[in-house]
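These notes concern the structure reproduced below.
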Amino acid sequence: MSGNSSGGDADNFNWDTEDELEIDNYTISSHSGVSLPHGEAVLGAAEASLGADSPNSKIIDHFVGMGFSKEMVAKVIEENGGENSNLILETLLQYSASSLASSSNSKLIDHFVGMGFSEEMVVKAVQENGEGNTDTILETLLTYSALEKSVPMQQIADSGYCSSDYEGSFLDDFSDTDSSSETEEFMNPDSDEERKLLHLTKMGFSEVEASIAMERCGPDSSIAELTDFICAAQMAKAADALFPLEDKKPFSNDFNHKKRRNLDYDKWKRKKQMKLEKRLNEIDDALHLPNPMIGFGVPTESDQIIHRKLPEAAIGPPYFYYENVALAPKGVWSTISRFLYDVEPEFVDSKYFCAAARKRGYIHNLPIDNRFPLLPFPPRTIHEAFPLTRKWWPSWDTRTKLNCLQTCTASARLTDRIRKALEHNHDEPPLSVQKFVLDQCRKWNLVWVGRNKVAPLEPDEVEMLLGFPRNHTRGISRTDRYKSLGNSFQVDTVAYHLSVLKDMFPEGINLLSLFSGIGGAEVALHRLGIPLKNVVSVEISEVNRNLVRSWWEQTNQRGTLIDIPDVQELNGDRLEQLMSRFGGFDLVVGGSPCNNLTGSNRHHRDGLEGKDSALFFDYCRILDLVKCITARNQ
DNA sequence: AACAGGATGATAGATTCT
DNA sequence: AGAATCTATCATCCTGTT
Numbered sequence: 058m059s060g061n062s063s064g065g066d067a068d069n070f071n072w073d074t075e076d077e078l079e080i081d082n083y084t085i086s087s088h089s090g091v092s093l094p095h096g097e098a099v100l101g102a103a104e105a106s107l108g109a110d111s112p113n114s115k116i117i118d119h120f121v122g123m124g125f126s127k128e129m130v131a132k133v134i135e136e137n138g139g140e141n142s143n144l145i146l147e148t149l150l151q152y153s154a155s156s157l158a159s160s161s162n163s164k165l166i167d168h169f170v171g172m173g174f175s176e177e178m179v180v181k182a183v184q185e186n187g188e189g190n191t192d193t194i195l196e197t198l199l200t201y202s203a204l205e206k207s208v209p210m211q212q213i214a215d216s217g218y219c220s221s222d223y224e225g226s227f228l229d230d231f232s233d234t235d236s237s238s239e240t241e242e243f244m245n246p247d248s249d250e251e252r253k254l255l256h257l258t259k260m261g262f263s264e265v266e267a268s269i270a271m272e273r274c275g276p277d278s279s280i281a282e283l284t285d286f287i288c289a290a291q292m293a294k295a296a297d298a299l300f301p302l303e304d305k306k307p308f309s310n311d312f313n314h315k316k317r318r319n320l321d322y323d324k325w326k327r328k329k330q331m332k333l334e335k336r337l338n339e340i341d342d343a344l345h346l347p348n349p350m351i352g353f354g355v356p357t358e359s360d361q362i363i364h365r366k367l368p369e370a371a372i373g374p375p376y377f378y379y380e381n382v383a384l385a386p387k388g389v390w391s392t393i394s395r396f397l398y399d400v401e402p403e404f405v406d407s408k409y410f411c412a413a414a415r416k417r418g419y420i421h422n423l424p425i426d427n428r429f430p431l432l433p434f435p436p437r438t439i440h441e442a443f444p445l446t447r448k449w450w451p452s453w454d455t456r457t458k459l460n461c462l463q464t465c466t467a468s469a470r471l472t473d474r475i476r477k478a479l480e481h482n483h484d485e486p487p488l489s490v491q492k493f494v495l496d497q498c499r500k501w502n503l504v505w506v507g508r509n510k511v512a513p514l515e516p517d518e519v520e521m522l523l524g525f526p527r528n529h530t531r532g533i534s535r536t537d538r539y540k541s542l543g544n545s546f547q548v549d550t551v552a553y554h555l556s557v558l559k560d561m562f563p564e565g566i567n568l569l570s571l572f573s574g575i576g577g578a579e580v581a582l583h584r585l586g587i588p589l590k591n592v593v594s595v596e597i598s599e600v601n602r603n604l605v606r607s608w609w610e611q612t613n614q615r616g617t618l619i620d621i622p623d624v625q626e627l628n629g630d631r632l633e634q635l636m637s638r639f640g641g642f643d644l645v646v647g648g649s650p651c652n653n654l655t656g657s658n659r660h661h662r663d664g665l666e667g668k669d670s671a672l673f674f675d676y677c678r679i680l681d682l683v684k685c686i687t688a689r690n691q
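According to the working numbering, the first sequence holds residues 58 to 691 in order.
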């Protein structure tokens, strides 16, 4: 961060429009001595509204619980009313920022501590960002505190709750941390949901936040998940307020102002969000998608990283391997990484392994030296993969790789439209037509199968590109084949990462495969020549389970395959039972559903909290249990 | 089973601002 | 010149309706 030289940078917070002059000198905490022009009057009013019976007292408590001073909260509620908590939070953060701008360096740490951040956290943030750039420090602190507030799974594990009822223990552990709360009077915690709700409100979250989180995370979500969700949401909201410069918000009680504000609010918010994310990215550049996307190395490129340092908590046994789409909504990968022991994701595009792109992130604790690829190498270009298309391939279609293989394919109507668009021309079509056709070809992965004729890939061809044996998915409906394949691993890519296991487990491995799909991990290990001793495969789709079972028999596996339809079935008891029977798991593989993360989902791109993608937390839960049980049995 | 249906984020290049 | 901003381009393990 290039530094503004000192804390006196009032320019950073250029708010002086008429409406905002009144707050320009306002400071949030008793640590700084700047006083308000009419502070007394405001505080007087605020005092009055602090009574326990006041309708706003709950919301005041809420924000105080977040670390803001009572006076400041009261003032903001005075000015904005108590309904729009979003607006209140933004304003509070603006106040914080503005007071920062006028506070001196020596008071910097005190100031942040006064906001409710811990001293060591502040010192760290100041060290990292320099003293000058206060808004950067605030951002960093917010990031830290969101990270800290969320309770990573490993902490639960570390604290010794291994059995299937650890969530209950966790609840008990927290339920008496705070005795002063008025929540009891309206809640009677006899159901699990209400218990969680009560618990969350006691932790300082609002009832609304808690309910939303529970709705979004599902009824079985743990407190850890819920707090994580709320903190993420709070951080996003807080983030909105951190742009003091150009997009100034009118700040007054003027009704028209507010109305206008609301009209532009969404647009404004989006713009802010974008900018904040840009700045947050600068903070944790660790999660930038790499270019070229080769992870720690691919067999076809010379660039390679041989060493990495895993966080202590991540080191096995068991080994684990988690996969999901690389281009997930912002923050998703940092959350995933946080829940998986802070292991840095390895982003790899399968175009370095086969003829189709497939940008994915992998988080694993496997060694990364001495990897080797599956042989023979699969075709690496479209022409190699589909030699027959070469004859019809026009010179102006310069593709050499296909795009990501998806679950749907182009309609016949579209290929027909393309044919018609091209038929009118004897020579090269005009540029506009070329562009249209190329756009569609890229979008739907069309290949040339005749004069002016494009077609989507056949399921067989997709199987081949993804590294599965021919006819692996044969026998189910065409639509299902596309769907199952589109949701699968690219076998060569995964095998390259898993290849390091071969020397370590010459006798074979016990595999726990979550969200197995059509068995990409199993196929990869088999093709690597790593014997599969016992495989427990969890897969919701019966069609897919049958495919894996059928492959298992066709390939004359000697081991045991156990399939479980529902990931919820795999609780602590069941796992203990399975693990004592097999002697533990060597590897836990899983790629949790991505349909709430991917850009191609028009309707429910809800991020990790989405209905399906939230199953990621089950992966964490189960991995944690396995880790715990393994450690205990050693 | 076929079909239609945008939104998000990354990136590169051009343009303007400092 | 270099930073900041704008613009165009491209890719994306898909869902709801018919």
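Glycine included, C-beta positions come from ideal geometry on N, C-alpha and C.
Quick caveat, the model's predicted, so the values are computed rather than measured.
| Asked | Found |
| --- | --- |
| Which of the three DSSP states, helix, strand or coil, is assigned to Phe396? | helix |
| Apart from the five residues on each side of it in sequence, which residues of its chain come closer than 8 Å, Cβ to Cβ, to Thr438? | Ala412, Thr457 and Lys458 |
| Leaving out five residues before and five after Gly641 in sequence, what residues of the same chain have Cβ atoms less than 6 Å from its Cβ? | Thr687 |
| Measure the alpha-carbon distance for Asn567 versus Val506 and round it to whole angstroms. | 44 Å |
| Once DSSP output is grouped into helix, strand and coil, what is the label at Leu432? | coil |
| Give the secondary structure of Thr536 by DSSP, where H, G and I count as helix, E and B as strand, and everything else as coil. | helix |
| When you compare the segment 676 to 690 with the segment 401 to 418, are there three or more beta-carbon pairs, one atom per stretch, that lie closer than 8 Å? | no |
| Nearest CA to the CA of Gly543: which residue from Thr472, Leu503, Met636 and Pro516? | Pro516 |
| Buried or exposed: Ala692, going by 16 or more other Cβ atoms within 10 Å of its Cβ? | Any answer about residue 692 is impossible in this case: the structure gives the chain only from 58 up to 691. |
| Ignore the nearest five residues each way along the sequence and tell me which others in Ala552's own chain have a CB closer than 8 Å to its CB. | Pro430, Leu431, Gly524, Ala581, Leu582, Arg584 and Leu585 |
| Report all residues from its chain with a CB closer than 6 Å to the CB of Thr446; omit the five preceding and five following residues, and keep chain order. | Val504 and Trp505 |
| Considering only residues of the same chain and omitting the five flanking positions on each side of Pro433, which have a CB-CB separation below 7 Å? | none |
| Rank Ser359, Val605 and Phe562 by C-alpha distance to the C-alpha of Pro588 and give the top, closest one. | Phe562 |
| Can you give me the Cβ contacts of Gly664 inside the same chain, cut-off strictly under 6 Å, excluding the 5 residues immediately before and after it? | Pro386 and Val389 |
| To the nearest angstrom, how far is it from the Cα of Ala131 to the Cα of Leu255? | 24 Å |
| How about Ser649 and Leu627: are their beta carbons less than 8 Å apart? | no |
| From Pro436 to Arg631, what distance separates their C-alpha atoms? | 43 Å |
| Could you tell me how far apart the beta carbons of Asp620 and Arg606 are, in whole angstroms, since I believe they sit closer than 8 Å? | 7 Å |
| What's the call for Gly532, buried or exposed, on a 16-neighbour Cβ count within 10 Å? | exposed |
| In angstroms, rounded to a whole number, what distance separates the CA positions of Gly647 and Asp399? | 17 Å |
| Classify Val355 as helix, strand or coil using the three-state DSSP reduction. | coil |
| Can you name, in chain order, every residue of its own chain whose Cβ lies under 6 Å from the Cβ of Val355, other than the five neighbours on each side? | Tyr409 |
| Pull up the CB-CB distance for Leu471 and Asn502, whole angstroms please, since I reckon it's below 8 Å. | At roughly 12 Å, the Cβ-Cβ gap does not stay under 8 Å, so Leu471 and Asn502 are not in contact. |
| Mind checking Ala469: buried by the 16 CB within 10 Å criterion, or exposed? | exposed |
| Just verifying my parser: in three-state terms, what is the DSSP assignment at Lys416? | strand |
| Do Val557 and Arg417 count as a contact pair if the criterion is CB distance below 8 Å? | no |
| If you draw a straight line from the C-alpha of Glu625 to the C-alpha of Ser545, how long is it? | Rather than Glu, the amino acid found at residue 625 in this sequence is Gln. Roughly 21 Å between the two C-alpha positions. |
| Provide the residue span of the alpha helix (DSSP H) that contains Gly25, from first to last. | Absent from the model: residue 25. The displayed extent of the chain is 58 to 691, so no value can be given. |
| Where does Gln547 land, buried or exposed, given buried means 16+ other C-beta within 10 angstroms? | buried |
| According to the neighbour-count rule (16 or more other Cβ atoms, all chains shown, within 10 Å of its Cβ), is Glu599 buried or exposed? | exposed |
| Is His529 near Trp608, with beta carbons less than 8 Å apart? | yes |
| How about Val592 and Leu618: do their beta carbons lie closer than 8 Å? | yes |
| I'd like the span of the beta strand (DSSP E) that includes Thr550, first residue to last. | From DSSP, Thr550 is part of no beta strand (DSSP E) but of the alpha helix (DSSP H) over Val548 to Leu555. |
| What residues in its chain sit with their C-beta under 8 Å from that of Leu397, if we drop five residues either side in the sequence? | Ala371, Phe377, Tyr379, Ile420, Cys677 and Leu680 |
| Do you know how far the Cα of Ile475 is from the Cα of Gly629? | 55 Å |
| Mapping the DSSP letters down to three states, classify Arg681 as helix, strand or coil. | Checking the sequence, you will find Asp at residue 681 rather than Arg. Asp681: helix per DSSP, three-state reduction. |
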